[in-house]
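Q: Following this message is one structure expressed as C-alpha cells.
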Amino acid sequence: PGGVITREDVMKFYEEHVKPKLAAQQAAPAAPVTPPAQVVTPVERIPLRGIKRRMAEKMAEAKSKIPHVYLAEEVDVTELVRLRENLKKLAESKGVKLTYLPFIIKAVTKALKEFPLLNSSLDEARGEIVVKKYYNIGIAVDTEQGLVVPNIKNADKKGLFQIAREIEELAEKARQGKLTLEDIRDGTFTITNVGAIGSTVGFPIINYPESAILGIHRIVKKPGYYEDRLEPRYYLNISLSFDHRFIEGGYAARFLSTLKNYLENPLLFLAQEDEFK
-7 PGGVITREDV MKFYEEHVKP KLAAQQAAPA APVTPPAQVV TPVERIPLRG IKRRMAEKMA
53 EAKSKIPHVY LAEEVDVTEL VRLRENLKKL AESKGVKLTY LPFIIKAVTK ALKEFPLLNS
113 SLDEARGEIV VKKYYNIGIA VDTEQGLVVP NIKNADKKGL FQIAREIEEL AEKARQGKLT
173 LEDIRDGTFT ITNVGAIGST VGFPIINYPE SAILGIHRIV KKPGYYEDRL EPRYYLNISL
233 SFDHRFIEGG YAARFLSTLK NYLENPLLFL AQEDEFK
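Going by this note's numbering, the residue at position 117 of the sequence shown is 109; the numbering climbs one at a time, nothing skipped.
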C-alpha cells in the first residue's frame, strides 16, 4: 500500500514465482559429468636384472655407506703422449695394442705403495683398516649388459706390455660376457677411463668395499707454459673419489700430486727393460 513493499509482498512473490522454479530445478535429473580425458604418455618398462641390477645395488651400497670426498688435478701429459707414440711400433711388433691406460696403471701402483690407505678397505665389524699388500687394479668396462670391473692381478709385478695385453683380454671377455669370478674378485683400487668416450671431468662412485677410485678423462691439446715458453701441450684431467671415514683430504691430495708427478715424468715409473716384453 502506498508504494511500500511489505514482508507479505515478498513472501507472496516467493511463493508464486521463486519457489516453483526451485522445485522444478531440484526435480530435474543432474546432467551427467564427463570425466576428463586421460592423457596417455608413451613409456617403456625395462626389467632391472642381471649385471645391471647388481651394479645398481653396489652403487647404492657405496653411496649409503661411504662418505665420498672428491679431488681433481690437471696433468701435463705431453711427455707421456710422446713416449706412447715412440713405443707404438714396438708394441705393434709384439701384437700389443698400447693405449694410455697401461701407463696410468703403472703410475697408480707406484703411487699406491707410497700411500697405502688408498689401497685399503674398512672392516666395519671389527673397526679395523685392512691395508692390502697386493695391487689388483680394477678397470671399469662398459658393456651392453652393464658396467663390470675385472682387475689386473698383481699389477705392480707386471710390465707395461703385459698389462696392455691383459687389459685387452679382460675387456674382450667382459664384452662377450665371459668373465669369471677370478677375473672380478679381490680388487684393491679401481680406475674408470671415461675419457675415451669424451668426458672432460667427473667424479665416479667408489667400488665398494675399496677405499678410492680414479677417474681418467679426455686428453686435450691446448696452449701451455713449459720452461717459460708458451707452446702446444697435452693435458689430462684426473679425479679421485675417496672414503673420508679414514682417509683425510691432505693425504688424498698428496697421493694425487704424486700421481700427477709420475704421469708428467713417465720415466720415473718405466725404468726397467722388462716393461716392454
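For each residue, glycine too, the CB sits at the ideal point set by N, CA and C.
Could you check whether Ala204 and Ser233 sit closer than 8 Å to each other, using their CB atoms as the reference points?
A: For the purposes of this step, residue 233 is taken as the residue at position 241 of the sequence shown. For the purposes of this step, residue 204 is taken as the residue at position 212 of the sequence shown. The answer is yes: Cβ separation under 8 Å.
Q: Unbroken beta strand (DSSP E) runs of length 3 or more, entirely within the segment 124 to 196: which are they?
A: Whole beta strand (DSSP E) segments, 3+ residues: 129 to 131, 133 to 135, 138 to 140 and 181 to 185.
Q: Sorted by chain position, which residues of the same chain lie with C-beta nearer than 6 Å to His60's C-beta, five sequence neighbours on each side aside?
A: For the purposes of this step, residue 60 is identified with residue 68 of the sequence shown, where counting begins at 1. Excluding residues within five positions, the ones whose Cβ falls inside 6 Å are Ser233.
Q: In this structure, does DSSP put Asp1 in helix, strand or coil?
A: Numbered from its first residue, the sequence shown carries residue 1 at position 9. In this structure, Asp1 counts as helix in the three-state DSSP scheme.
Q: Whole angstroms is fine: what's the gap from Val141's alpha carbon to Val32's?
A: Locating residue 141 in the sequence shown gives position 149, where the first residue counts as 1. Locating residue 32 in the sequence shown gives position 40, where the first residue counts as 1. Answer to the nearest angstrom: the Cα atoms are 40 Å apart.
Q: Taking contact to mean 3 or more Cβ pairs, one atom from each stretch, closer than 8 Å, check whether the segment 118 to 127 and the segment 215 to 230 are in contact.
A: Touching, no, given that fewer than three Cβ pairs across the two stretches are closer than 8 Å.
Q: Spatial neighbours of Asp175 within its chain, please: CB distance less than 7 Å, with the 5 preceding and 5 following residues excluded, ordered by chain position.
A: Position 183 of the sequence shown, counted from the start, is the residue given in the question as residue 175. Hits under 7 Å: Pro142, Leu162 and Lys165.
Q: Closest to Lys214 by CA distance: which of Leu206, Tyr226 and Gly207 is it?
A: To locate residue 214, count along the sequence shown from 1; it is residue 222. Nearest option by C-alpha distance: Tyr226.
Q: Does DSSP classify Ser231 as helix, strand or coil?
A: Here residue 231 corresponds to residue number 239 of the sequence shown, with the count starting at 1. Three-state result, Ser231: strand.
Q: Between Lys13, Glu36, Glu49 and Arg41, which has its C-alpha nearest Pro201's C-alpha?
A: Your numbering for residue 201 matches position 209 in the sequence shown. Per the Cα distances, Glu49.
Q: Using 8 Å as the threshold, is the C-beta distance between Glu256 and Val67 below it?
A: On the sequence shown, position 264 is the one that residue 256 refers to. On the sequence shown, position 75 is the one that residue 67 refers to. Taking 8 Å as the Cβ cut-off, Glu256 and Val67 qualify as a contacting pair.
Q: Kindly indicate which residue of Ile239, Glu116 and Val133 has the alpha-carbon position closest to the one of Lys170.
A: Indexing the sequence shown from 1 puts residue 170 at position 178. Out of Ile239, Glu116 and Val133, Val133 has the C-alpha closest to the C-alpha of Lys170.
Q: So is Glu240 in contact with chain D if we call contact Cβ pairs under 8 Å?
A: No chain D appears in the structure shown, which is made up of a single protein chain.
Q: Starting from Glu256, follow the alpha helix (DSSP H) in both directions and report where the run begins and ends.
A: Numbered from 1 along the sequence shown, position 264 holds the residue referred to as residue 256. Segment Gly241 to Glu256, the alpha helix (DSSP H) holding Glu256.
Q: Curious, which full-length alpha helix (DSSP H) runs of at least 4 residues does the segment 62 to 126 contain?
A: 70 to 85 and 93 to 106, all fully within the segment 62 to 126.
Q: If Glu71 and Pro258 are in contact, beta carbons under 8 Å, what's the gap, nearest whole angstrom?
A: As a position in the sequence shown, residue 71 is number 79, starting the count at 1. As a position in the sequence shown, residue 258 is number 266, starting the count at 1. Sure, about 6 Å apart at Cβ, within 8 Å.
Q: Is Val212 closer than 8 Å to Ala64 when the C-beta atoms are compared?
A: Within the sequence shown, numbered from 1, the residue matching residue 64 stands at position 72. Within the sequence shown, numbered from 1, the residue matching residue 212 stands at position 220. Cβ distance not < 8 Å, so Ala64 and Val212 don't count as in contact.
Q: What number of angstroms, rounded off, separates the C-alpha of Ser191 from the C-alpha of Glu36?
A: Within the sequence shown, numbered from 1, the residue matching residue 191 stands at position 199. Within the sequence shown, numbered from 1, the residue matching residue 36 stands at position 44. Straight-line Cα distance between these residues: approximately 28 Å.
Q: Using only alpha-carbon positions, find the residue among Lys89, Met3 and Val186 that is nearest to Leu228.
A: Locating residue 228 in the sequence shown gives position 236, where the first residue counts as 1. Per the Cα distances, Val186.
Q: Would you check if the segment 85 to 98 and the segment 149 to 156 touch, i.e. whether three or more CB-CB distances between them fall below 8 Å?
A: Counting Cβ pairs under 8 Å, three or more are found: they touch.
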